[in-house]
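Line by line, the protein sequences give chains A and B. Here the first sequence is numbered in this note's numbering, starting from 7 and rising by one per residue. Here the second sequence is numbered in this note's numbering, starting from 22 and rising by one per residue. A short worksheet on the structure shown next.
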Amino acid sequence: MTDPSTAASGAAVSASEFVTGAEHVQTKPGKPRSLASDAWYDLRRRPRFIISAALILLVLLMAAWPSLFTSVDPNYADLDRSRLGPSAQAWFGYDNQGADIFARTIYGARASIVVGISATVFTVLLGGTLGLLAGYHGGWVDAVMSRVADIFFGLPFVLGAIVILSSFRATGGSSATEITLLVILSISVLSWPACMRITRAAAITAKQQDYVKAARALGASTSRIILRHLLPNILAPVLVYATIALGGFIGAEATLSFLGIGLHAPVVSWGVMIADSRDFLRIAPHTLLFPAAFLTATVLAFVMLGDAVREALDPKTR
Amino acid sequence: MSDPILEVRDLVKHFPVRMGVVFKRTVGHVRAVDGVSFDLARAETLGVVGESGCGKSTLAQVLMRLEPATAGAVRFEGQEVLDLKGAALRKLRRDIQIVLQDPYTSLNPRMTVGDIVGEPFEIHAEVAPKGDRRKRVQDLLDVVGLNPEHINRYPHQFSGGQRQRIGIARALALRPKVIICDEPVSALDVSIQAQVMNLLGELQQEFGLSYVFIAHDLSVVRHLSDRVAVMYLGKIVEIGTEAELYEHPTHPYTQALLSAVPVPDPDLRGQRQIIRLEGDVPSPVDPPSGCRFRTRCWKAQEVCATEEPELITRVGGHPSACHFAEERSVVP
Numbered sequence: 007m008t009d010p011s012t013a014a015s016g017a018a019v020s021a022s023e024f025v026t027g028a029e030h031v032q033t034k035p036g037k038p039r040s041l042a043s044d045a046w047y048d049l050r051r052r053p054r055f056i057i058s059a060a061l062i063l064l065v066l067l068m069a070a071w072p073s074l075f076t077s078v079d080p081n082y083a084d085l086d087r088s089r090l091g092p093s094a095q096a097w098f099g100y101d102n103q104g105a106d107i108f109a110r111t112i113y114g115a116r117a118s119i120v121v122g123i124s125a126t127v128f129t130v131l132l133g134g135t136l137g138l139l140a141g142y143h144g145g146w147v148d149a150v151m152s153r154v155a156d157i158f159f160g161l162p163f164v165l166g167a168i169v170i171l172s173s174f175r176a177t178g179g180s181s182a183t184e185i186t187l188l189v190i191l192s193i194s195v196l197s198w199p200a201c202m203r204i205t206r207a208a209a210i211t212a213k214q215q216d217y218v219k220a221a222r223a224l225g226a227s228t229s230r231i232i233l234r235h236l237l238p239n240i241l242a243p244v245l246v247y248a249t250i251a252l253g254g255f256i257g258a259e260a261t262l263s264f265l266g267i268g269l270h271a272p273v274v275s276w277g278v279m280i281a282d283s284r285d286f287l288r289i290a291p292h293t294l295l296f297p298a299a300f301l302t303a304t305v306l307a308f309v310m311l312g313d314a315v316r317e318a319l320d321p322k323t324r
Numbered sequence: 022m023s024d025p026i027l028e029v030r031d032l033v034k035h036f037p038v039r040m041g042v043v044f045k046r047t048v049g050h051v052r053a054v055d056g057v058s059f060d061l062a063r064a065e066t067l068g069v070v071g072e073s074g075c076g077k078s079t080l081a082q083v084l085m086r087l088e089p090a091t092a093g094a095v096r097f098e099g100q101e102v103l104d105l106k107g108a109a110l111r112k113l114r115r116d117i118q119i120v121l122q123d124p125y126t127s128l129n130p131r132m133t134v135g136d137i138v139g140e141p142f143e144i145h146a147e148v149a150p151k152g153d154r155r156k157r158v159q160d161l162l163d164v165v166g167l168n169p170e171h172i173n174r175y176p177h178q179f180s181g182g183q184r185q186r187i188g189i190a191r192a193l194a195l196r197p198k199v200i201i202c203d204e205p206v207s208a209l210d211v212s213i214q215a216q217v218m219n220l221l222g223e224l225q226q227e228f229g230l231s232y233v234f235i236a237h238d239l240s241v242v243r244h245l246s247d248r249v250a251v252m253y254l255g256k257i258v259e260i261g262t263e264a265e266l267y268e269h270p271t272h273p274y275t276q277a278l279l280s281a282v283p284v285p286d287p288d289l290r291g292q293r294q295i296i297r298l299e300g301d302v303p304s305p306v307d308p309p310s311g312c313r314f315r316t317r318c319w320k321a322q323e324v325c326a327t328e329e330p331e332l333i334t335r336v337g338g339h340p341s342a343c344h345f346a347e348e349r350s351v352v353p
């Protein structure tokens, strides 16, 4: 056994057995690093991140400039070629109306992506902010917010969306943008309680940790404690929720379209295409296969991206 | 004792016990700290010992202004601490710092060591210019015996003792005059305890620090403290210099505590008297009348139930809160 007194005065206690990957390839020795820069360094070397980011980039390109990928009008239909299978002219075949499925899938990306991403962003921002405040402050703030969340949580999603969409559509016009916006809003308004509960629970756990106490003892402001100490530590569960919710929201948009209150022709979306194909599943499976494959691949890419980011932000898993 | 750096007078902290779901009503108070007074001299270490739930950690929280005090006064260099607000409170934070008990939860797992130890400089930007901070952080790591090269590592890459050193470096960053150590070694192995305590001792000599050193281990406190206060149910029952308290304890509770300290010499085993206390610590919600220790005391008489013993010098050279204080050497 070493003598404690000499061991204490001896300067550096070695920790060399723990060496992170990032430390081996230090860009500039002595350059200060933070969690964000370490995470970015780590992400760039993860195949899962590169693949998922490339997929998402591709889908985003399709959403922004669909004409880059196809010159066919997605709404041009010819009943002569109804439900024809994939061929050299139409790679993905034709749907029941005789419209080109490849073109429709490309053009459908925009509505699906816009609804999915926007609804997720709104849900996470609204639920996350409220949950963080409720969890951090506790007391009556928490009591009021949690009860309000309970009310929204109690509304069945489809019923709530039907009420919101049908009542607001009557008053305003019904251009494609307005309907998209309404769909996004009704999804967010009905989904934020789940996100709020996740952040609230994570914030309550994090705020009781001693490092928050230490920060307060140093004189840190509330905003500093929330931004520097709570937020990074509650990000993991929120990211997991957000990436799973994104897929669910694209599906929810399809549900609403199917019920006739969401997006409808001439707007094309993957959800609309999947809903349209349900009656011909056995005689023309390709009408379901292609939009569903794109939807699945996109959701998978977001889930993988979220997973990679979550792992990169946790120093222990690096 | 001239010119104490920290004066604590009749400090009281009661936590309300609330019942009800929506309309909470207060049904009682947990008297965590109930009238504690002491002085802390410059460059002195005051040990505070007592069993679990006697209010030691609450005392630390109140002194750090992490919990509001119910009543009483705390003066730092003559200045009242408990009513400070805003900028004045921030300034006080530079003078009084805390080292927390658990090195595993007291460091944010998602911050690098550089960020953790550098955070005090970010909060108190006037202390160090921005370009100078990294150097200062590395100096601090060096001071507490860590490799300054490890500035970009994360807490999980360090052992418990090293993490506690990081916590000490963070507390030292603002060059405080008083450091409150809230059981800083309780979560560590015995061999690491010695290292961390020696480090605290060296830092005290180097920077002229004053410590309020809270622990439940009497031998740990003895190693480091100049004076020791023994707490029982929110009150100080005996306070004195290290020699007075350990060699000549006068309060029955102190004697009982000391008799339970293991003696490393096998020849002495069986020779000394072990005082076994009966029963449990009473609830701090409803403490006994008069002397709080009377329910477990073998000397208790009627006067103990009616009259609360004051913390005054009765026998020996130091104050003791017992009507029947008498010297009794329990440590051979």
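Don't be surprised by glycine CBs; every beta carbon is placed ideally from N, CA and C.
Residues of the same chain with a CB within less than 8 Å of the CB of B:T133, apart from the 5 flanking positions on each side, are I172, N173, R174 and Y175 in chain order. Residues are counted here when their Cβ sits less than 7 Å from a Cβ of chain A; for the region 230–259 of chain B the count is zero.
Just measuring C-alpha positions, the residue of B:H35, B:I187 and B:G182 sitting nearest B:D160 is B:I187. Annotated as distal: B:V251 and B:Y232, with beta-carbon spacing of 8 Å or more. Here DSSP, grouped into helix, strand and coil, assigns B:Q178 to helix. From the listed residues A:A290, A:S283 and A:V273, the smallest Cα separation to A:S118 is found for A:V273. A:V218 has its alpha-carbon roughly 36 Å from the corresponding atom of A:V305. Spatial neighbours of B:S310 in its own chain (CB-CB distance under 6 Å, excluding positions within 5 residues in sequence) are listed in chain order as A326. For B:P130, the closest Cβ of chain A is nearer than 8 Å.
Annotation: B:A53 is outside any alpha helix (DSSP H); the continuous beta strand (DSSP E) that includes it extends over R46 to L61. DSSP, reduced to helix, strand and coil, places A:Y82 outside both helices and strands of the structure shown, so it counts as coil.
The region 103–123 of chain A makes no contact with the region 195–213 of chain A; the number of CB pairs closer than 8 Å stays below 3. Annotation: the continuous alpha helix (DSSP H) that includes A:D44 extends over L41 to L49. Think of a sphere of 8 Å around the beta carbon of A:K213: no beta carbon from chain B falls inside it, the nearest being about 12 Å out. Collapsing the DSSP output to three states places B:Y253 in a strand. As a beta-bridge residue in DSSP terms, B:T262 pairs with B:R248. For B:M40, the uninterrupted beta strand (DSSP E) run begins and ends at L27 to M40, by DSSP. The alpha helix (DSSP H) runs lying completely inside the region 203–245 of chain B and spanning 4 residues or more are 211–228 and 239–245, given in chain order. If you draw a 10 Å sphere on the C-beta of B:E265, you find 16 or more other C-beta atoms in it, and that means buried. At a beta-carbon threshold of 9 Å, the residues of chain A lying near B:L121 are D216, Y217, K219, A220 and A223, ordered along the chain. Around B:K34, the same chain offers A53, V54, T79, V83, E88, A90 and T91 as residues with beta carbons nearer than 7 Å, after the five sequence neighbours per side are excluded.
Look at the region 134–151 of chain B: the residues with a C-beta under 9 Å from a C-beta of chain A are G135, D136, I137, G139, E140, P141, E143, I144 and H145. For B:L67, the enclosing beta strand (DSSP E) has its first and last residue at T66 to V70. The C-beta of B:V217 has 16 or more other C-beta atoms within 10 Å across all chains shown, which makes the residue buried. If you look at A:F128, you'll find it isn't in any beta strand (DSSP E); it sits in the alpha helix (DSSP H) that goes I107 to H143. Following the DSSP letters along the chain, one finds A:V244 inside the alpha helix (DSSP H) bounded by residues L237 to F264. Across the structure, B:A146 and A:L41 are spaced so that their CA atoms are roughly 21 Å apart. According to the DSSP secondary-structure assignment, B:A92 is paired through a beta bridge with B:V33. Following the DSSP letters along the chain, one finds B:Q82 in no beta strand (DSSP E) but inside the alpha helix (DSSP H) bounded by residues K77 to L84. Comparing alpha carbon positions, the residue from B:Y125, B:K77 and B:R115 closest to B:L230 is B:R115. Taken atom to atom, the span from the alpha-carbon of A:W276 to that of A:L139 is near 36 Å. Residue pairing by DSSP puts B:S341 in a beta bridge opposite B:E259 and B:I333.
The beta carbon of B:T126 sits closer than 8 Å to some beta carbon of chain A.
Counting C-beta atoms within 10 angstroms of its own C-beta, A:Q215 has 16 or more neighbours from the protein chains shown and is therefore classed as buried. By the neighbour-count criterion, in which a residue is buried when 16 or more other Cβ atoms sit within 10 angstroms of its Cβ, A:A318 is buried. Counting along the chain, A:Q214 sits inside no beta strand (DSSP E), nor does DSSP assign it H or E at all.
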